[in-house]
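Engineer: Residue numbers (our numbering): 120 to 367.
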Amino acid sequence: MAVVFKAPHALVDVPMHYCPGCTHGIAHRLVAEAIDELDIEGKTIGVSPVGCAYNNYLYFNCDMVQAAHGRAPAVATGIKRSLPGNVVFTYQGDGDLAAIGTSEIVHAAARGETITVIFINNTIYGMTSGQMAPTTLLGQMTTTTPFGRDPRTNGYPIRVSEMLATMEGPAYIERVSLHDVKHIRKAKEAIKKAFRVQLAGKGFSMVEVLSTCPTNWGLDPVEALERVEREMIPHYPLGVFVGADLEV
Numbered sequence: 120m121a122v123v124f125k126a127p128h129a130l131v132d133v134p135m136h137y138c139p140g141c142t143h144g145i146a147h148r149l150v151a152e153a154i155d156e157l158d159i160e161g162k163t164i165g166v167s168p169v170g171c172a173y174n175n176y177l178y179f180n181c182d183m184v185q186a187a188h189g190r191a192p193a194v195a196t197g198i199k200r201s202l203p204g205n206v207v208f209t210y211q212g213d214g215d216l217a218a219i220g221t222s223e224i225v226h227a228a229a230r231g232e233t234i235t236v237i238f239i240n241n242t243i244y245g246m247t248s249g250q251m252a253p254t255t256l257l258g259q260m261t262t263t264t265p266f267g268r269d270p271r272t273n274g275y276p277i278r279v280s281e282m283l284a285t286m287e288g289p290a291y292i293e294r295v296s297l298h299d300v301k302h303i304r305k306a307k308e309a310i311k312k313a314f315r316v317q318l319a320g321k322g323f324s325m326v327e328v329l330s331t332c333p334t335n336w337g338l339d340p341v342e343a344l345e346r347v348e349r350e351m352i353p354h355y356p357l358g359v360f361v362g363a364d365l366e367v
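1. May I have a chain-ordered list of the beta strand (DSSP E) segments no shorter than 3 residues that lie completely inside the region 301-343?
2. Among all the DSSP beta bridges, which residues are the ones paired with S167?
3. Tell me Y210's beta-bridge partners as DSSP assigns them.
4. Per DSSP, what kind of secondary structure is P289 in: helix, strand or coil?
5. Nearest CA to the CA of M368: which residue from P289, A146, W336?
6. As a quick exercise: from G258, G288, L297, pick the residue whose alpha carbon is nearest that of V341.
7. Helix, strand or coil for S248, going by three-state DSSP, please let me know.
8. Measuring alpha carbon to alpha carbon, tell me which of V279, L256, M282 ends up nearest M351.
9. Identify which residue in P203, A193, G245, Y210 has its Cα closest to the Cα of S222.
10. So is C181 buried or exposed if we call it buried at 16+ other beta carbons inside 10 Å?
11. Run through DSSP, which three-state label would G231 get?
12. Return the chain-ordered list of same chain residues with a C-beta closer than 6 Å to the C-beta of I198, the five sequence neighbours on each side being excluded.
13. Enumerate in chain order the residues of its own chain whose CB-to-CB distance from R315 is below 8 Å, with the five nearest sequence positions on each side excluded.
14. Using the Cα positions of E287 and S324, report the straight-line distance between them to the nearest angstrom.
15. For T196, count neighbouring Cβ atoms within 10 angstroms of its own Cβ and tell me buried if that reaches 16, exposed if not.
16. Please go through the same chain and pick out, in chain order, the residues whose beta-carbon is closer than 6 Å to the beta-carbon of D213, but skip the five residues on each side of it.
17. Do A290 and K321 count as a contact pair if the criterion is CB distance below 9 Å?
18. As an exercise, report each continuous alpha helix (DSSP H) stretch of at least 4 residues that is fully enclosed by the region 249-276, in chain order.
19. With 16 other CB atoms within 10 Å as the buried threshold, where does K301 fall?
20. Using 10 angstroms around the beta-carbon of L125, count the other beta-carbons present and answer buried if the total reaches 16, otherwise exposed.
So this is what it looks like as structure tokens:
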């Protein structure tokens, strides 16, 4: 019987530790499918974050390096400059990338480092008990904003893609979502394009992925997917913020 569907080779066939309904697993699969389809597994090096995906080195079937909290872009920069023929990507959550790692992501983008960043935005700190993140929406309740995020005391959510798009270094930045099949398919194409941008030597590429955290949001998996569409996308609109011409 012909095989019509199987797990990507770049993804290790083991149970993942993520909570039920978390879309980290979907994001992992999309990255792995892109690696398979571009036939780059043997020369790909990933950099793991600190956060819910801290141990994703167990899941990707390529070389992986563990970075300190927020430092993945700096580590990826060192790897790429040392091994320019390799494909280097970071996989980071919003607490890792947009809080403690703000300096690293801003300056890696400003320098136009030829790396690819997969940025998972679920508007909360997932692993460390659900504190407010830089991306937490106004009014959103977290363990550190139990009455909802108030801009007078907590500031406003940071739109990372829009911020980095103001710089000259990035070659490709797109925001996607995983809340339904249509958008999952579009997310895969964006991730694949980000890798292609790196392969073409165009410069810095990043895909921001709107994701779920049912456990810390206090929602069931279906409700969490609905929240992405209802609450997150209006504040974090989907689309391409920096485009790259790959036809040349």
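No residue lacks a Cβ here, since even glycine has one placed at the ideal position from N, Cα and C.
Structural biologist: This is what the structure gives:
1. 323-329
2. As a position in the sequence shown, residue 167 is number 48, starting the count at 1. Note: S167 sits in a beta bridge opposite Q185.
3. For this step, residue 210 is matched to residue 91 along the sequence shown. DSSP lists I237 as partners of Y210.
4. Indexing the sequence shown from 1 puts residue 289 at position 170. It is a strand residue.
5. In the structure as shown, the chain starts at 120 and stops at 367, and residue 368 therefore has no counterpart that could be examined.
6. The count along the sequence shown starts at 1 and reaches residue 341 at position 222. Nearest C-alpha to V341: L297.
7. Stepping through the sequence shown from its first residue, residue 248 is reached at position 129. Coil.
8. On the sequence shown, residue 351 is found 232 positions in, with the first residue counted as 1. Checked all of V279, L256, M282; the closest Cα to M351 is L256.
9. Along the sequence shown, one-based indexing puts residue 222 at 103. Measuring from the Cα of S222, the nearest candidate turns out to be A193.
10. Here the question's residue 181 lines up with position 62 in the sequence shown. Burial is judged here by how many other beta carbons sit within 10 angstroms of a residue's own beta carbon; C181 has at least 16 and is buried.
11. Your numbering for residue 231 matches position 112 in the sequence shown. Residue state, collapsed to three classes: coil.
12. Within the sequence shown, residue 198 is the residue found at index 79, counting from 1. Excluding sequence neighbours, I198 sits near I164, V207.
13. For this step, residue 315 is matched to residue 196 along the sequence shown. Excluding sequence neighbours, R315 sits near L157, L365.
14. Stepping through the sequence shown from its first residue, residue 287 is reached at position 168. Stepping through the sequence shown from its first residue, residue 324 is reached at position 205. For E287 and S324, the distance between alpha carbons rounds to 12 Å.
15. Here residue 196 refers to the residue found at position 77 when the sequence shown is read from its first residue. Counting of Cβ neighbours within 10 angstroms places T196 among the buried residues, the total reaching 16 or more.
16. Counting from 1 along the sequence shown, the entry for residue 213 is found at position 94. Hits under 6 Å: N240, A252, T254.
17. Sequence index remark: in the sequence shown, residue 321 carries index 202 (1-based). Sequence index remark: in the sequence shown, residue 290 carries index 171 (1-based). In contact: K321 and A290 (Cβ atoms closer than 9 Å).
18. 270-273
19. Position 182 of the sequence shown, counting from 1, holds the residue named residue 301. Exposed.
20. Counting from one through the sequence shown, the residue named residue 125 turns up at place 6. According to the sequence displayed, residue 125 carries Lys and not Leu. With fewer than 16 other Cβ atoms within 10 Å, it is exposed.
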